[in-house]
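S.K.: Sharing a structure below in structure tokens format, with a few things to ask.
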Amino acid sequence: MKDPFDIHRIADVPDPLSDVDDWPLPSRRDVALAASPTRSRMATARATALGAALLYELAWLVVMSKRDDLHTTPRAVLLTELAIPVMAALLALFAATPGALGLGQPKGRMTVLALLAPALFVAATVVMSPGGADAEPFFMHSLRCFAWTAVYSIGPMVFAAWAFRRSFVGAPVWRSAALGMACGAVGAATMSLVCAVGSPAHVLVGHGGMMLVGAAAGAWLGNRFGRV
Amino acid sequence: MAQSTVTLPFEGFDGADGPFLGRLTARHGIGQSLAGRTDPMGQRGERAVFPDAPAVGAATGEVGAETRPIDAIMDRYARGEDAALDELYRLCAGRVRGFLARMCANASLADDLTQDAFLRIHTARGTFVAGAPALPWMFAIARNSYLDHLRREEVRRAHRSTTALLARERTLDSPAGGDRTAIARQMLGVVQQALMGLPVRQREAFILIRFEGLSLAEAALVLGATQAAVKILVHRAYVAVREALDKQDPERRRGGGSTPSP
């Protein structure tokens, strides 16, 4: 079948600047270059940011009163509630990785991974959530949980913004959005150890809503400060 | 601002002997079937039309075998060897400047943007992935530099007038060599004008694949698009350039659009 977008014939187009390599090359501008992070220093900064983000979450877990049913709920249920946002965070983090060329994952794969993270969170929450009634009104309780999840997420976001500033050569908006979503998911994971309400609607809005807000914030930050 | 002396691409081409566009073909890659380089689909192309002609990617330095040393130097630089920057500049600035010159059709602006791109390369060296090819990464940074320039200055319209000026200067300054030579030169001017008339996204996709020798996959990563989207962009650009060429030389169209062999 004939390819309607066959591009093999582009070789017919002559190069108007075929001699561009012969143009005299100007010498490199003699400016004092500010110290820039090397690969190892950047890896150290990112590991530090990851460690600091985890410490931030642990600190909040220590400060906050944990859910009352922590010792009575079956461990499998607790692990599932924790694993759902953690898996979503890992998927989103993978979408933000630099890929083989350092320019991000191929667009299709990145889009699928970035969309798969919230999709997994929603599907797994709906299917696997233990349910249970919420004694408080849905809206007020969800809003409060959302606000606390935002508090839990802000630390990882700040550390990520510090570690990844001006470091996305390709696809900065998508990759930083995925990073923001991962931070929101980490906040949701912490929240799952604080809030005992397991109704799907509450978990999706109150705990998982921050994933979307984090993605939006990440996209904005990435566009402004993430691009090299 | 560093001002380059632009040597014309038409030097040494008199066009008097041989068929129309004969010598132009060898230098400017007319009619070559992506000869001897990785074709846009990621496979080796056949040297089809002009067996003795240099490969399409050879004039500008193919992204491939000879880029390995560049990758190693970039890797050393990313690991912290500051002295590697000068070596990197010596080896890669021409390629980066070539890409930028094709994008903006302005020699001095291309020089400035090259300097800016290398500052960015310095800033971002820690993000260079070990073992990755350096040139697509550098092209992506150069592209960011160019897009930032476009956003800052909003110079699209100015670019078009600059292009017209550059094309005219080239035509006027070129050594005289008969009508056919003049027509051939005019065709290159038409290509340049047509390229500059394209939307930026189509232009950069076309330049990366046709002139910088990137594969579809590499160009897709540089542009942050899917391979299918890049293919469509390149095809649309090709159709537009082809139309401009056909308008210029209706005989080409009557002859089925193929380039006469020497």
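From first to last, the protein sequence lines are chains A and B. In short: position in the first sequence from 1, add 37, done, that's my numbering. In short: position in the second sequence from 1, add 1418, done, that's my numbering. Backbone N, C-alpha and C fix where the C-beta goes; we use that ideal spot for every residue, glycine too.
1) Return the chain-ordered list of same chain residues with a C-beta closer than 6 angstroms to the C-beta of A/Met194, the five sequence neighbours on each side being excluded.
2) Contact defined as beta carbons within less than 8 angstroms: I believe B/Ala1560 pairs with A/Leu140. What is the distance between those atoms, to the nearest angstrom?
3) Taking just the CA atoms, how far does A/Pro111 sit from A/Val265?
4) Inspect the beta-carbon positions of A/Phe175 and A/His239 and report whether they are closer than 9 angstroms.
5) Using a 10 Å radius around the Cβ and a threshold of 16 neighbouring Cβ atoms, would you call B/Ile1448 buried or exposed?
6) Quick one: measure Cβ to Cβ for B/Gly1549 and A/Thr75, integer angstroms, because I've assumed they're closer than 8 angstroms.
7) Keeping to the same chain, check which residues put their C-beta closer than 8 angstroms to that of B/Gly1642; ignore five residues upstream and five downstream.
8) Determine which residues share a DSSP beta bridge with A/Arg264 and list them.
9) Just mark A/Ser271 as buried or exposed, buried being the case when its beta carbon has 16 or more other beta carbons within 10 Å.
10) May I ask you to list, following chain order, the residues of the stretch 1622-1636 of chain B that have a beta carbon less than 9 angstroms from some beta carbon of chain A?
11) Pull up the CB-CB distance for A/Ala187 and A/Pro122, whole angstroms please, since I reckon it's below 8 angstroms.
12) Alpha carbon to alpha carbon, how far is A/Phe262 from B/Asp1566? Give it in angstroms, no decimals.
13) Counting only Cβ-Cβ distances shorter than 9 angstroms, please list the residues of the stretch 54-71 of chain A near chain B, keeping chain order.
14) Measuring alpha carbon to alpha carbon, tell me which of A/Arg212, A/Ser190, A/Thr117 and A/Val231 ends up nearest A/Gly259.
15) Chain B partners of A/Lys144, CB-CB under 9 angstroms?
16) For A/Gly246, verify whether its CB is less than 8 angstroms away from any heavy atom of the ligand ZN.
17) Do you know how far the Cα of A/Ala254 is from the Cα of A/Met247?
18) In terms of residue numbering, what span does the alpha helix (DSSP H) encompassing B/Ala1490 cover?
19) Could you tell me which chain A residues have their CB closer than 8 angstroms to the CB of B/Pro1617, listed as they occur along the chain?
20) According to DSSP, is A/Gly168 part of a helix, a strand, or is it coil?
21) Chain A beta carbons: is any one of them nearer than 9 angstroms to that of B/Thr1541?
22) Secondary structure at A/Gly139, three-state DSSP: helix, strand or coil?
23) Under 9 angstroms between the Cβ atoms of B/Glu1636 and A/Leu138?
24) How about A/Leu62 and B/Ala1511: are their beta carbons less than 9 angstroms apart?
25) Relative to the C-alpha of A/Ala156, which candidate in A/Met218, A/Leu92 and A/His45 has its C-alpha closest?
26) Just to make sure I have the definition right: I need the residues of chain A whose C-beta is within less than 9 angstroms of the C-beta of B/Tyr1507. Which are they?
27) Is there a Cβ from chain A that is less than 9 angstroms from the Cβ of B/Ala1548?
28) Cβ closer than 7 angstroms: which chain B residues qualify as neighbours of A/Pro111?
29) Between which two residues does the alpha helix (DSSP H) carrying A/Ser55 extend?
30) Scan the stretch 75-91 of chain A for residues whose Cβ lies nearer than 9 angstroms to a Cβ of chain B and list them as they occur along the chain.
31) Is A/Gly235 helix, strand or coil by DSSP?
32) Does A/Phe42 get closer than 9 angstroms to chain B when you measure Cβ to Cβ?
33) For A/Ser102, name the three-state secondary structure that DSSP assigns.
M.R.: For this structure:
1) Cys220
2) In fact, because the Cβ distance is near 13 angstroms, the residues do not count as touching under 8 angstroms.
3) 48 angstroms
4) yes
5) Residue placement at B/Ile1448 is poorly supported in this model, since its pLDDT is 42, which falls under 50; the coordinates are not used for a value here.
6) Rounded, the Cβ-Cβ distance is 16 angstroms, inconsistent with contact.
7) none
8) A/Phe205
9) This structure leaves residue 271 of chain A out entirely; chain A is present only between 38 and 265.
10) Phe1624, Ile1627, Arg1628, Phe1629, Leu1634, Ala1635 and Glu1636
11) No, A/Ala187 and A/Pro122 are not in contact; Cβ-Cβ is about 14 angstroms, not under 8 angstroms.
12) 13 angstroms
13) Leu54, Ser55, Asp56, Val57, Asp58, Asp59, Trp60, Pro61, Leu62, Pro63, Ser64, Arg65, Arg66, Val68, Leu70 and Ala71
14) A/Arg212
15) Ala1638, Leu1639, Leu1641, Gly1642, Ala1643, Thr1644, Gln1645 and Ala1647
16) Here there are no bound small molecules, and the ligand ZN is not part of this structure.
17) 10 angstroms
18) Arg1486 to Ala1496
19) Residues of chain A passing the Cβ test: none, with the nearest at roughly 16 angstroms.
20) strand
21) yes
22) coil
23) yes
24) yes
25) A/Met218
26) Leu62, Ser64 and Arg65
27) yes
28) Per Cβ cutoff of 7 angstroms: no residues; A/Pro111 is ~43 angstroms from chain B at best.
29) Segment: none, A/Ser55 is in no alpha helix (DSSP H) and carries neither H nor E.
30) Thr75, Arg76, Ser77, Arg78, Met79, Ala80 and Ala82
31) strand
32) yes
33) coil
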